[in-house]
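Data block below; observations after.
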Amino acid sequence: MENEKLVRSIDILLVEDNPGDARLAKEALTDSKIKNKLHFASDGEEAADFLFRRGKFEEAPRPDLILLDLNLPKKDGRELLAEIKNDPHLKRIPVVILTTSKAEEDIIKTYNLHANCYITKPLDLDQFMKVVRTIEEFWLTIVRLPTVEQ
Amino acid sequence: MVSPALLALKTAYTWKEFNILKSTSLKIAQFSAWSVISIGTLTLIGWLFNLTLFKSVIDGLVPLKPNAAVEFIFAGLFIIILTSETTEPSGKRLSKSVTSLVLTVIMIIALLTMFEYLSEIDLGIDQFLFSDTSILSVHPGRMAPNAVLLFIIAGSSLFLISSPKPIKNKGLISGILGLVITSAGFFSIVDYPWFGSENLIGKFNPMAITAALAFIILGAGIFFLSLNVEQTTWSLKKNITIGFICGMVLMIGMDVYSDLSIVNLQDSAQMIIHTHEVEYHISQLSNALQDIEINRQIYLLTGNKKYRDISKNNWSSINSELETFRKLTSDNPNQQARTLQLTELLNKQLAFLYRTFASYESMGNAMEANQAFFNERNEILTKIRKLLVDADNEEKQLLSVRESDANAISKRTFFLVPLGSFASTGILVWIFMLLNSEVSERLRSESALKKSEGQHSKLNEELNRSNQELEQFAYVASHDLQEPLRMIASFTQLLERKYKDDLDDDAREFIKYAVDGATRMQRLINDLLDYSRVTTRGKPLVKVDLADILGMAIANLHTRILESCAMVVNDNLPFVKGDETQLMRVFQNLIDNAIKFRGKETPHITITSEIEKNNVIIAVHDNGIGIDMKYKERIFIIFQRLHSASVYPGTGIGLAVCKKIIERHGGKIWFESVPGKGTTFKFSLKLV
Chain A
3 MENEKLVRSI
13 DILLVEDNPG
23 DARLAKEALT
33 DSKIKNKLHF
43 ASDGEEAADF
53 LFRRGKFEEA
63 PRPDLILLDL
73 NLPKKDGREL
83 LAEIKNDPHL
93 KRIPVVILTT
103 SKAEEDIIKT
113 YNLHANCYIT
123 KPLDLDQFMK
133 VVRTIEEFWL
143 TIVRLPTVEQ
Chain B
188 MVSPALLALK
198 TAYTWKEFNI
208 LKSTSLKIAQ
218 FSAWSVISIG
228 TLTLIGWLFN
238 LTLFKSVIDG
248 LVPLKPNAAV
258 EFIFAGLFII
268 ILTSETTEPS
278 GKRLSKSVTS
288 LVLTVIMIIA
298 LLTMFEYLSE
308 IDLGIDQFLF
318 SDTSILSVHP
328 GRMAPNAVLL
338 FIIAGSSLFL
348 ISSPKPIKNK
358 GLISGILGLV
368 ITSAGFFSIV
378 DYPWFGSENL
388 IGKFNPMAIT
398 AALAFIILGA
408 GIFFLSLNVE
418 QTTWSLKKNI
428 TIGFICGMVL
438 MIGMDVYSDL
448 SIVNLQDSAQ
458 MIIHTHEVEY
468 HISQLSNALQ
478 DIEINRQIYL
488 LTGNKKYRDI
498 SKNNWSSINS
508 ELETFRKLTS
518 DNPNQQARTL
528 QLTELLNKQL
538 AFLYRTFASY
548 ESMGNAMEAN
558 QAFFNERNEI
568 LTKIRKLLVD
578 ADNEEKQLLS
588 VRESDANAIS
598 KRTFFLVPLG
608 SFASTGILVW
618 IFMLLNSEVS
628 ERLRSESALK
638 KSEGQHSKLN
648 EELNRSNQEL
658 EQFAYVASHD
668 LQEPLRMIAS
678 FTQLLERKYK
688 DDLDDDAREF
698 IKYAVDGATR
708 MQRLINDLLD
718 YSRVTTRGKP
728 LVKVDLADIL
738 GMAIANLHTR
748 ILESCAMVVN
758 DNLPFVKGDE
768 TQLMRVFQNL
778 IDNAIKFRGK
788 ETPHITITSE
798 IEKNNVIIAV
808 HDNGIGIDMK
818 YKERIFIIFQ
828 RLHSASVYPG
838 TGIGLAVCKK
848 IIERHGGKIW
858 FESVPGKGTT
868 FKFSLKLV
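Chains as they are written, first to last, in my numbering: chain A, 3 to 152; chain B, 188 to 875.
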């Protein structure tokens, strides 16, 4: 098991409409100690297709962690969150909300939809990078998650 | 007469520009005062030198009493002193003490005289100045009771006018009292030719004709003086109620009075009939007596016994007449006494008659029989006739008195009833005008309200829309505007980091400016969002403890206070109506500013409170660098700064947010400062 974990690359799905943020996240995760593969979805529908392996994502892996922005084109982040948490196969995947909004109602609403945590994107570049790496480290090495059923 | 005057009075009081009227009315008041003083003085001279012309105008009329003359002089003096303008404070003090002394004298004389009338005790004040030997007076030297009453009314109205207290409608009340005095004087004068002053003599002293005149003038003086009184007015409701009660009382009074008059008139008419009846019986009595005499003589001359029987029979009719007379005049002791005398005399006469007949029948000599007791009989007859004439005269006199009484009552009724109805109609008209103006005013304002309500709902709609837009803007600002800025800042930073070695110093400097600008803009956007949220995200205002709130603010600033070694002390702080989070923000911003803008000394911050009616004024005092007072407006405007960000960091949001929060709480915020010494920020809040 230990070996497998070291060898296996971690799949992270980043749902983010802003390519700049996506690029920054990629930048942050590149230097990460954990071997990871970052998948992008630029809107809610694309992310849903990826998760439910529809269309071109037929071969898509099941992600180990989802980083989700709230304000997305086509399908809203909140909607997608509700779909994930209502799906028996997907609901155990930790979903980290990563957004610019500091609005109280957004925080309450997403936790009500069973988001695993809510993080406001830091303004500062260093802070942002640190946050992304911390998320990865925390959810993938510190937190104990159920083993994926085959 | 009363109500049109009242209307005029009301108009005069409500008329906004009546300065001309005011100065004229003041002159009239002064003129009346001088006139009253003259009447009083002349009367006193009259008493001193015993001049009938000055005392009572015409010999036989009631004189104006010395005490009343003194009262008039004092009342006049009071008005003169009150209207003479003194600007010096010492003069004002003097005139105030003199007027109160004069008023006291007026009231004391009037009240003592009133006491004399009520208690029937003679205090000796009536003869104090001059002795009155007039036979017309029941109480020599004492002024008339109605005069006493009028002096008390005059004194009260003068007291009202001169009182510095803001008594409601005091101008109107004293004006009405003045009119009452004038009307009473007028009625007294009218009473003279109509009813004669002797009507009251039985019980009271009548009012002198000069006193009546002086009261007319004095009342007018008080009325015109009252026009100058600064006054607060009664509410419409009170005016209507009082007007209604006055009208009702007047109408009921008139009704009772006319009823009583009718009863009196009926009584008088009955008494007149009664008197005529008595007179008739008197004449019947004397006729019967005459018949007896005639028949007696015929019998004596002819010897025909028929005449003797007629004469004898007439006696019975005399007795029955006398009995009727006695019964009719049972309430008159004079007539009763006469009845007794008549009975006695008539019995004697009857006895003589029988003796005459007896002697005639026994002797047959008519001459002799006639001559016997001639003198006695004649004497008795004369007496009887005299008594009958007296009785008749008394009835005649009673008749004339009763007729004049009836006349007086009907005259008075004819005069007073229309007057009363006129007055009550006037009051009704007045009430109608009040109600009418109020109703039309209300209708007007109602339609105006409807109109403005329409505009209001439209405005409300717009306001709601703009509020929603603002909310949307806030969200856009917080999210959508932040994103691109973050991109600019992040990627310029990334650029610098990744290509550090390829960039020269200039490039690095430019990158620094770009990053600075972007971050500052982010902060500004956040502040603006904050500022807009004071109203859009404010919590309802509830009872909160300012002391707790200050405690929380100090706890939040813990690190800053420790770093700067600042000392923060505070008074007892009250409970207020407020939003806890926002008020904490106010304290936090003000204390933070006090620390930020500190001088060379360690910051010393004092928070005090001062209660003022329903508000509390909180003061946050510091010993910092101070603020030039010329910035007292600018400092509270959002993003306005007095120092460059490099010296004192910040965006210039703190005080703008404080102002917005305090204004949301219905308070005010301002400051007092001496540059270099320190600043005191003050804000007011509503107490619970």
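Ideal Cβ placement from N, Cα and C applies to all residues, glycine included.
Return no unless some Cβ of chain A is closer than 8 Å to the Cβ of Ser831/B. no
Check whether Leu69/A and Leu92/A have beta carbons under 8 Å apart: no
Proximal residues of chain A, C-beta to C-beta of Phe678/B below 9 Å: Gly22, Arg25, Leu26 and Leu127
For Glu548/B and Tyr541/B, I'd like the C-alpha separation in whole angstroms. 10 Å
Determine whether the Cβ of Arg652/B lies closer than 8 Å to any Cβ atom of chain A. no
With a threshold of 8 Å between beta-carbons, can Gln655/B be considered close to chain A, or not? no
Which of the three DSSP states, helix, strand or coil, is assigned to His326/B? coil
Determine contact between the region 25-32 of chain A and the region 129-139 of chain A, defined as no fewer than three beta-carbon pairs at a distance below 8 Å. yes
Answer with yes or no whether the minimum CB distance from Gln709/B to chain A is below 8 Å. yes
Are the CB atoms of Ile849/B and Phe870/B within a distance shorter than 8 Å? yes
9 Å Cβ cut-off: residues of chain A touching Met674/B: Asn20, Gly22, Asp23 and Leu26
Taking the alpha-carbon positions, what's the Leu716/B to Arg772/B distance? 15 Å
Kindly give me the distance between the Cβ atoms of Ile396/B and Ile368/B, rounded to whole angstroms, as I take these residues to be in contact under 8 Å. Not confirmed; about 16 Å, so no contact.
Less than 8 Å between the CB atoms is what I'm expecting for Lys873/B and Asn801/B, so what's the real figure, rounded? 6 Å
Is the region 397-415 of chain B touching the region 437-445 of chain B, taking contact as three or more C-beta pairs under 8 Å? no
From Leu621/B to Ile427/B, what distance separates their C-alpha atoms? 7 Å
Any residues in the region 688-720 of chain B with a beta carbon nearer than 7 Å to a beta carbon of chain A? Which ones, in chain order? Thr706 and Gln709
Straight-line gap, Phe382/B to Lys242/B (C-alpha atoms, nearest Å): Because Phe382/B carries a pLDDT of 47, less than 50, the predicted location of this residue cannot be relied on, and the following value inherits that uncertainty. So the alpha carbons of these two residues sit roughly 21 Å apart.
Bridge partners for His41/A per DSSP, in chain order? Leu15/A
Is it the case that the Cβ atoms of His41/A and Phe52/A are separated by a distance below 8 Å? yes
Given Arg483/B, which residues of its chain have a CB within under 6 Å of its CB, disregarding the five upstream and five downstream residues? Ser498
By the criterion of Cβ-Cβ separation under 8 Å, what are the contact partners of Leu681/B in chain A? Leu26, Glu29 and Leu127
8 Å Cβ cutoff, Glu767/B in contact with chain A: no
Look at the alpha carbon of Ile36/A and the alpha carbon of Ile14/A, and state the distance between them as a whole number of angstroms. 11 Å
Just confirm the distance between the C-beta atoms of Phe539/B and Phe560/B, as a whole number of angstroms; I'd bet it's less than 8 Å. 5 Å
Report the three-state DSSP secondary structure of Ser591/B (helix, strand or coil). helix
Element boundaries [alpha helix (DSSP H), containing Gly57/A]: Looking at the DSSP string, Gly57/A is not in any alpha helix (DSSP H), and its letter there is neither H nor E.
Burial state of Ser212/B, where buried means 16 or more other Cβ atoms lie within 10 Å: buried
Use the C-beta contact count for Gln136/B: other C-beta atoms within 10 angstroms, 16 or more gives buried, fewer gives exposed. Because chain B is modelled from 188 through 875, residue 136/B falls outside the range shown and cannot be assessed.
Would you tell me roughly how many angstroms separate the C-alpha atoms of Ile137/A and Asp45/A, rounded to the nearest one? 21 Å
How many Å lie between Ile571/B and Leu532/B at the Cα? 7 Å
Would you list, in chain order, the members of the region 129-152 of chain A that have their beta-carbon closer than 8 Å to a beta-carbon of chain B? Phe130
Answer yes or no: does any C-beta atom of chain A fall closer than 8 Å to that of Gln669/B? yes
Answer yes if the region 446-463 of chain B comes into contact with the region 491-505 of chain B, meaning at least three C-beta pairs across the two stretches below 8 Å, and no otherwise. no
Determine the chain B residues that contact Lys123/A at a beta-carbon separation under 9 Å, and present them in chain order. Gln669, Glu670 and Arg673
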